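2 protein chains.
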Amino acid sequence: MVSRRKASPPAPGTRDRILTAAMEEFAARGFDGAKVDRIAQRARVNKAMLYYHFHNKAALFLEILRGQFGAVADAVASVRSAGGSPEHQLLSFTETIARQALARPQFPHMWLREIADGGRHVDASVIGEFRRVLATLGAILADGQRTGDFVKADPFIVQISIVAPLMFFAASAPLRERAGKLIPPKPPSPSLEDVIQHVQASVLSVLSGNATTSRAPKLRRPSR
Amino acid sequence: MVSRRKASPPAPGTRDRILTAAMEEFAARGFDGAKVDRIAQRARVNKAMLYYHFHNKAALFLEILRGQFGAVADAVASVRSAGGSPEHQLLSFTETIARQALARPQFPHMWLREIADGGRHVDASVIGEFRRVLATLGAILADGQRTGDFVKADPFIVQISIVAPLMFFAASAPLRERAGKLIPPKPPSPSLEDVIQHVQASVLSVLSGNATTSRAPKLRRPSR
DNA sequence: GTCTATATTTTGATAGAC
DNA sequence: GTCTATCAAAATATAGAC
Chain A
5 MVSRRKASPP APGTRDRILT AAMEEFAARG FDGAKVDRIA QRARVNKAML
55 YYHFHNKAAL FLEILRGQFG AVADAVASVR SAGGSPEHQL LSFTETIARQ
105 ALARPQFPHM WLREIADGGR HVDASVIGEF RRVLATLGAI LADGQRTGDF
155 VKADPFIVQI SIVAPLMFFA ASAPLRERAG KLIPPKPPSP SLEDVIQHVQ
205 ASVLSVLSGN ATTSRAPKLR RPSR
Chain B
5 MVSRRKASPP APGTRDRILT AAMEEFAARG FDGAKVDRIA QRARVNKAML
55 YYHFHNKAAL FLEILRGQFG AVADAVASVR SAGGSPEHQL LSFTETIARQ
105 ALARPQFPHM WLREIADGGR HVDASVIGEF RRVLATLGAI LADGQRTGDF
155 VKADPFIVQI SIVAPLMFFA ASAPLRERAG KLIPPKPPSP SLEDVIQHVQ
205 ASVLSVLSGN ATTSRAPKLR RPSR
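As structure tokens, then:
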């Protein structure tokens, strides 16, 4: 008899319902656009209940952010520990990020928003998860350079080259939908598979150094 | 004497000050996070003045969105009309997007936000500017395919492969700054030049088809 | 743990004088 | 064109009963 005895049963997942509802609301509207009332409604609880489980709106938001980034960082880390050639790990890294975006549709939106907000709502723990992802990729790249498979490249640049297109694509579905309605006809959207393949081909080809060795001698020239 | 005679001089750029202030506020905080009071303060006018020049918050926001996207679409269009080989135009396209992000620091933030918001604040005119950019790139790619310089590729995918990393990088500066403070030391950020070069090398190499012709026979395999 | 009612603050927007 | 004063509607958060 640790505690609990009397005073209403432990709630059949009330807290989780709130988390889910909040996740959707925050992803769709952002921190300021999200309304506590709406979150409570979606979760089928009342505001008081929400404030019983979470200190305030910001704390609720932070908990969700931490959860999302943590899960992604975990998934990515498992790619590395699964082993394989640097090339294999690099392709897996890419695919994993994409799969996470599918598994957590709110994740791309929240990532874009946090960037746009300058990280106003993140704390050290979220930054930590963020860095874990980058560290994993950095290790993969270092391996590849050691084996001679990859040319030298800045991990951060490689990371945004992989992640940014995937996030853009995943998050922009609603916008493309709306665009199609505002100015029909809606141009056909490529599949996530196609995007993944393109991104994989891009990274692999630059890192393989067969970029433009022969042709296009003066890259980055067209300054005017 | 068309009109104006009496009733205060035409205002030394009051309207422009409001537009500038609003641009900064909207970019930094988003539509919901931006406060009319703060915009008025920054512009050194009062709310009534703001509502004299613009119908409401949404209209002000829309005017800014239109302006930003329109300017970028113009810049990109001029790249194409300047002519040159498909390769040259493709590199120029990339550089121009990056230069626009520098010239209009608010642009990347607003682009990210509109994607995350599902285009809730855009209207047909904004979509139109958006499509102009894509159409320009599409034309460049078509040229390149005709001349045999480029392999076939979905313009939209190519576009996000170019634009997304640039926007991510440009917009994430404040977040990286904050991250460095939360968990020192702040890892050194690559320069925009480096990012541009990497993106240019990537696109060119995939479109040149020398991606992974020889090695890595089974792209996209690491499904598990 | 859960709900109703309510306090408090913030915010978008306008009236009306100059 | 510009400003002061102010309204009315949201929205965050809490008190207190059950």
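These protein sequences, in sequence, are chains A and B. Just so we're aligned: the first sequence equals residues 5 to 228 in this note's numbering. Just so we're aligned: the second sequence equals residues 5 to 228 in this note's numbering. For glycine and all other residues, C-beta sits at the position ideal for the given N, C-alpha and C. Computed from a predicted model, the values in this text were never measured in an experiment.
Query - Complete alpha helix (DSSP H) runs within the segment 29-105 of chain A (minimum length 4 residues, chain order) - result: When DSSP assignments are scanned along the segment 29-105 of chain A, the uninterrupted stretches of alpha helix (DSSP H) that are 4 or more residues long and fall wholly within it turn out to be 40-47, 51-57, 61-85.
Query raised in the report: Quick one: is alanine 220/A near chain B, going by C-beta distance under 9 Å?
Result: Low confidence applies here, because alanine 220/A scores a pLDDT of 45, under 50, leaving its location unreliable; read the following figure in that light. Answer yes: the Cβ-Cβ gap between alanine 220/A and chain B drops below 9 Å somewhere.
Query raised in the report: If you draw a straight line from the alpha carbon of arginine 228/A to that of proline 90/A, how long is it in whole angstroms?
Result: Note that arginine 228/A has pLDDT 46, beneath the 50 cutoff, so the model's placement of it is unreliable and the number below is only indicative. C-alpha separation (whole angstroms): 38 Å.
Requested in this report: Would you mind telling me which residues of chain B sit closer than 8 Å to valine 199/A, beta carbon to beta carbon, in chain order?
Outcome: Ile161, Ile164
Query raised in the report: Using 9 Å as the limit for Cβ to Cβ distance, is asparagine 60/A near chain B?
Result: With respect to chain B, the C-beta atom of asparagine 60/A has no partner C-beta closer than 9 Å.
Report task. Measuring alpha carbon to alpha carbon, tell me which of Ala63/A, Ala143/A, Ala77/A, Ile68/A ends up nearest threonine 100/A. Result -> Ala77/A
Query - Whether leucine 211/A touches alanine 102/A by CB criterion (9 Å) - result: no
Query raised in the report: Under 9 Å, do leucine 116/B and phenylalanine 154/B count as touching if we go by C-beta distance?
Result: Cβ distance not < 9 Å, so leucine 116/B and phenylalanine 154/B don't count as in contact.
Requested in this report: Please name the residue, chosen from Thr98/B, Gly132/B, Glu181/B, Gly148/B, that lies closest to proline 191/B on a Cα-to-Cα basis.
Outcome: Glu181/B
Requested in this report: Using three-state DSSP, classify phenylalanine 158/A as helix, strand or coil.
Outcome: In the sequence as displayed, the identity of residue 158/A is aspartate instead of phenylalanine. Here aspartate 158/A sits in coil by DSSP.
Query raised in the report: Taking Cβ positions only, does aspartate 41/B come closer than 9 Å to chain A?
Result: no
Query raised in the report: CB alanine 174/A to CB alanine 75/A, shorter than 9 Å?
Result: The answer is no: Cβ separation not under 9 Å.
Query raised in the report: Run through DSSP, which three-state label would arginine 182/A get?
Result: helix
Query - Backbone CA spacing between asparagine 60/B and phenylalanine 97/A [nearest angstrom] - result: Using only the alpha carbons, I get a separation of about 46 Å.
Report task. Note the first and the last residue of the continuous alpha helix (DSSP H) segment covering glycine 142/B. Result -> 128-151
Query raised in the report: Between arginine 9/B and chain A, is there a C-beta pair that is closer than 9 Å?
Result: At arginine 9/B the pLDDT is 40, less than 50, meaning the model places this residue with poor confidence and gives no usable figure here.
Report task. Give a yes or no on whether the C-beta atoms belonging to valine 207/B and valine 162/B are separated by under 9 Å. Result -> yes
Report task. Compare the C-beta of aspartate 147/B against all C-beta atoms of chain A and say whether one is closer than 9 Å. Result -> Chain A has no Cβ within less than 9 Å of the Cβ of aspartate 147/B.
Query raised in the report: Does proline 3/B get closer than 9 Å to chain A when you measure Cβ to Cβ?
Result: Nothing can be reported for residue 3/B, as the shown portion of chain B is limited to 5 through 228.
Query raised in the report: Where does the unbroken alpha helix (DSSP H) through arginine 117/A begin, and where does it stop?
Result: 110-120
Report task. Compare the C-alpha of alanine 120/B against each of Arg150/A, Met114/A, Gly87/A and name the closest. Result -> Met114/A
Report task. Determine contact between the segment 40-57 of chain A and the segment 18-25 of chain A, defined as no fewer than three beta-carbon pairs at a distance below 8 Å. Result -> yes
**Report entry** For glycine 37/B and alanine 183/B, the rounded distance between their alpha carbons
**Finding:** 21 Å
Query - Which of helix, strand or coil DSSP assigns to arginine 21/B - result: helix
Query raised in the report: Which chain B residues are close to phenylalanine 154/A, counting only those with a beta carbon under 9 Å from its beta carbon?
Result: Here the premise fails: no neighbours, minimum Cβ distance about 12 Å.
Query raised in the report: Between the Cα of arginine 108/A and the Cα atoms of Gly71/A, Ala143/A, Ala205/A, which residue gives the shortest distance?
Result: Gly71/A
Report task. Kindly list, in the order they appear in chain B, the residues whose Cβ is closer than 9 Å to that of arginine 182/A. Result -> Gly122, Gly123, Arg124, Val126, Ile131
Query raised in the report: Roughly how many angstroms lie between the CA atoms of isoleucine 166/B and serine 176/A, to the nearest whole one?
Result: Looking at the two C-alpha atoms, the distance is approximately 15 Å.
Query raised in the report: To the nearest angstrom, how far is it from the Cα of proline 194/B to the Cα of arginine 135/A?
Result: 16 Å
Query raised in the report: Does DSSP classify histidine 125/A as helix, strand or coil?
Result: It is coil, neither helix nor strand.
Report task. Please determine, among Glu67/B, Asp147/B, Ile164/B, Leu138/B, the residue with the shortest C-alpha to C-alpha distance to alanine 230/B. Result -> Since the displayed chain B opens at 5 and closes at 228, residue 230/B lies outside it and no answer follows.
Report task. Spatial neighbours of proline 112/B within its chain, please: CB distance less than 6 Å, with the 5 preceding and 5 following residues excluded, ordered by chain position. Result -> Ala105, Met171, Ala174, Ala175
Query raised in the report: Any Cβ of chain A within less than 9 Å of the Cβ of glycine 87/B?
Result: no
**Report entry** Delimiting residues of the alpha helix (DSSP H) encompassing serine 212/B
**Finding:** Looking at the DSSP string, serine 212/B is not in any alpha helix (DSSP H), and its letter there is neither H nor E.
**Report entry** Neighbour flag for valine 167/A against chain B, beta carbons, 9 Å
**Finding:** Cβ-Cβ to chain B under 9 Å: yes for valine 167/A.
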